[in-house]
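Going line by line, the protein sequences match chains A and B. Our numbering puts the first residue of the first sequence at 1, with every later residue one more than the last. Our numbering puts the first residue of the second sequence at 1001, with every later residue one more than the last. Only one structure is covered here, and it is reproduced in the block below.
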Amino acid sequence: MAKPLADMQATFDPGAVMPDASGHFGVYGGRFVSETLMPALEELEMAWRRYIHDPEFMQRLDKDLAEFVGRPSPIYFAENLTKAAGGAKILLKREDLNHTGAHKINNTVGQALLAHAMGKRRVIAETGAGQHGVASATVAARLGMECVVYMGADDIERQSPNVFRMKLMGATVVSVDTGSRTLKDALNEAMRDWVTNVDSTFYILGTAAGPHPYPAMVRDFNAIVGREARAQMLDQYGVLPDALVACVGGGSNALGLFHPFINDTDVKMVGVEAAGRGLSSEEHSATLCAGRVGVLHGSRTYLLDDDAGQIRDTYSVSAGLDYPGVGPEHAWLKDIGRAEYVGIDDQQAMEAFHMLSRTEGIIPALETAHGVAYGIELAREMSPDQIVLINLSGRGDKDINTVARLEGITL
Amino acid sequence: MTDHSDNRLDRRFSALKQADRAALVPYITAGHPSPDATVEILKTAVAAGADVLELGMPFSDVMADGPVIQRACERALEHGVGLAQVLDMVKAFRESDDQTPLVLMGYTNPIERWGVEQFAQDAANAGVDALLIVDCPADEAQDLQRALASQGLHQIFLVAPTTNEGRLTRAAELAGGFVYYVSLTGVTGAATLNTDALAPMIERIRAKINLPVAVGFGIREPEQAARVAEVADAVVIGSALVSRLHEAQSVDEAVGITHEFLAPVREAMDQVRTKTDQAASG
């Protein structure tokens, strides 16, 4: 049951370590799962806490991030985009340059190594846009593990190139045609698989949502993004950025960027949600902007539901943002005012998609284009001596079919 | 302090113990196959020998249930069945049956949207005896527990083969009514139960928790139910009944299916002597 928000701290306390020992971020998070999964989550938490302090494990992770993923990713001054926006300097954290084309690989490499260390030989994953599925298939192929990816039937249609990629790397892609046939249903199905095969199987959850320890673990594996960006800013520009901008579906790329800056209270942090056909249309996925507190997929967080508490179908042009929940840490950051959350609709995202492609020669993922769109807007309101750092969380190769179709072009 | 002396579940289980009889506990999803069938199915189940009823509250994202219950929930939701309709069904059932204990089974979000305390009160007024909230393990249950206890309602907890001693102890502090032992790791309706592995686990539970033990998940046939009844205090049958009800084209057909399915189960269970001398002495 949600406690009144007045009971919570009103301002950000830099000393606060979240989540707490029971996996809560303030009133959010926790473990709302069937008893059948509780022991598996406890086992996972113990393994995670053990291995992140194991120098050998961390060395292996760092080596993989450097040599397999291709880290560090640069921060890039988008000079033409900056001129076009006419305000603050726009920098891009180039997660699109990672192996497999998005930030998702940071987390999957970490979780797959953890699975391997725990002796699990089968991994499962849910995917929306397919980026997490591809990243999971990639690491499973490399570590010689069986990989099953659950994907909504509608998303399989929207993201067929990624489906093919997963299959090329030996993964089984299971089409989920229940419910809204998108990410939330894929997540339900992956959870069911995990409940059934809990002894042999490691569930590589793709976003900073779900039951504890996933929100914290996924955040920590992605926090390499923010740690690098912070060091690169100080090294190359001698200052921290004035604002960080990242798109938010479940919220892993945003938390990865935000988390290492959380105590830098002068750095504004903005999460950008998918406003779809508009926040007033009910056809959107803007959970923090337009949702309310409830329980979904194992944690207490903001979500989109109807008056009877049934989870609503969501909509966004981008499959990766098309999700009715959000990571519980974002819910907490919103309530304490440390981060703010805004909505960008389909059309604004498409405009930013084209603008970045034309001005900089970088085709962003449709998810990422939401962040770019708001980054441009924000930069416009700021002065030229200020800096906006946008997380360029993924590249748009997977979206060319969707964009062509929307614009009536046959490839 | 909470007074559960009026709770139908406690009365029923103590009567069953006296009679050396295992309880038959069918599960159906409210509003499935149609809203007008639910109360009739409940009455028929009791006539066919059910001792305790489990009524599922439809939810859009039944993460811990298999395809059978999910389809049942989807159909019920298409008929507009939510918590309000479920409580109305319970009230309607109570007009003709004030004795058979009834457990509502569901997920957290709809209950929180209703308001936990309000729902506990409304459920008690409707004639509900206990709640089993699948995605609310003991770790997250304190608020719900308080609200239910204030209304004399029990909270039923699940125990799985993977549940360790520490978690059993925690469940023992909060559980009431009975313990629901999930005899398989998996979702509802998944595989088939291995009854041989049951007895040691039930002993483990009884050593920690002084409540009747119900066994569910994977029970499909009368003979299986009978074997479970030899070692457990109650036998829960869900997906096997719900999948048959899915075929019903009318209320009459649903009633017929319910009776045809449950009566042989009851009969098979009654042919074995239950070992209640081992039960709940812990």
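Where a beta carbon is used, it is the ideal one built from N, C-alpha and C, also for glycine.
- Distances from the alpha-carbon of M1105 (chain B) to those of B:Q1121, B:A1130, B:R1012 put B:A1130 closest.
- Contact between G343 (chain A) and L304 (chain A) does not hold, since their C-beta atoms are separated by about 12 Å, which reaches or exceeds 8 Å.
- Taken through DSSP and simplified to helix, strand or coil, D1020 (chain B) comes out as coil.
- Proximity of T82 (chain A) to chain B, defined by a Cβ-Cβ separation below 8 Å, is not satisfied.
- Within the stretch 1001-1077 of chain B, complete alpha helix (DSSP H) segments of at least 4 residues are found at 1008-1018, 1038-1047, given in chain order.
- With respect to the C-alpha of R165 (chain A), the residue from A:L255, A:V218, A:G133 having the closest C-alpha is A:G133.
- Between K120 (chain A) and chain B, the shortest Cβ-Cβ separation is not below 8 Å.
- Identification of chain A residues near P1137 (chain B) by a Cβ-Cβ cut-off of 9 Å yields R31, F32, V33, S34, E35, L37, M38, ordered along the chain.
- In terms of Cβ geometry, R181 (chain A) and M269 (chain A) do not form a close pair [threshold 8 Å].
- Identification of residues in the stretch 1033-1066 of chain B having a C-beta nearer than 9 Å to some C-beta of chain A yields P1058, F1059, S1060, D1061, V1062, M1063, A1064, D1065, G1066, given in sequence order.
- Contact annotation: in the stretch 267-299 of chain A, residues whose CB is within less than 9 Å of a CB in chain B are R292, V293, G294, V295, L296, H297, G298.
- Within the stretch 187-247 of chain A, the runs of beta strand (DSSP E) that reach at least 3 residues and sit entirely inside it are, in chain order, 201-203, 243-247.
- Leaving aside the five residues that flank L321 (chain A) on each side, the residues in its chain whose CB is nearer than 6 Å to its CB run, in chain order, G249, A274, S285, E367.
- Distances from the alpha-carbon of G1056 (chain B) to those of B:V1182, B:S1239, B:D1139, B:V1255 put B:S1239 closest.
- Counted as a single uninterrupted DSSP element, the alpha helix (DSSP H) harbouring D155 (chain A) occupies residues 153-158.
- Interface criterion not met: the Cβ of Q1118 (chain B) is under 8 Å from no Cβ in chain A.
- Annotated as distal: E283 (chain A) and R292 (chain A), with beta-carbon spacing of 8 Å or more.
- Inside the stretch 1127-1199 of chain B, DSSP marks whole beta strand (DSSP E) runs of 3 or more residues at positions 1130-1133, 1157-1159, 1179-1182, from first to last along the chain.
- Contact of I311 (chain A) with chain B is assigned, a C-beta pair being separated by under 8 Å.
- Judged by DSSP in its simplified three-state form, H132 (chain A) adopts helix.
- Fewer than three Cβ pairs drawn from the stretch 1114-1128 of chain B and the stretch 1071-1080 of chain B lie within less than 8 Å of each other, which leaves the two stretches out of contact.
- DSSP, reduced to helix, strand and coil, places Y76 (chain A) within a strand of the structure shown.
- Under the 8 Å criterion on CB atoms, T1162 (chain B) is classed as interfacial with respect to chain A.
- Using a Cβ-Cβ cut-off of 8 Å, M191 (chain A) is close to M1063, A1064 of chain B, given in chain order.
- The C-beta separation of E329 (chain A) from F25 (chain A) comes to about 5 Å, placing the pair in contact by the 8 Å criterion.
- Taking a Cβ-Cβ threshold of 7 Å, the residues of chain A close to E1140 (chain B) are G30, R31, F32, in chain order.
- Of all C-beta pairs linking the stretch 116-130 of chain A to the stretch 189-204 of chain A, three or more are shorter than 8 Å, placing the two stretches in contact.
- Comparing C-alpha distances from Y302 (chain A) to each of A:E95, A:W332, A:R358 shows the shortest one belongs to A:W332.
- Interface flag for Q1070 (chain B) against chain A is set, since a Cβ pair is found closer than 8 Å.
- In this structure, S34 (chain A) places its C-beta atom within 8 Å of the C-beta atom of A1064 (chain B).
- Chain order gives no chain B residues near D20 (chain A), where near means a beta carbon separation below 7 Å; the closest approach is about 13 Å.
- D305 (chain A) belongs to the set of residues whose beta carbon lies under 8 Å from a beta carbon in chain B.
- Excluding the 5 residues flanking it on each side, H1259 (chain B) has same chain C-beta neighbours closer than 6 Å at T1044, A1048, in chain order.
- A direct Cα-Cα distance of roughly 25 Å separates L406 (chain A) from N391 (chain A).
- For V1159 (chain B), the C-beta contacts it makes with chain A under 7 Å involve E35, in order along the chain.
- Boundaries of the beta strand (DSSP E) harbouring T301 (chain A): 298-303, taken from the DSSP string.
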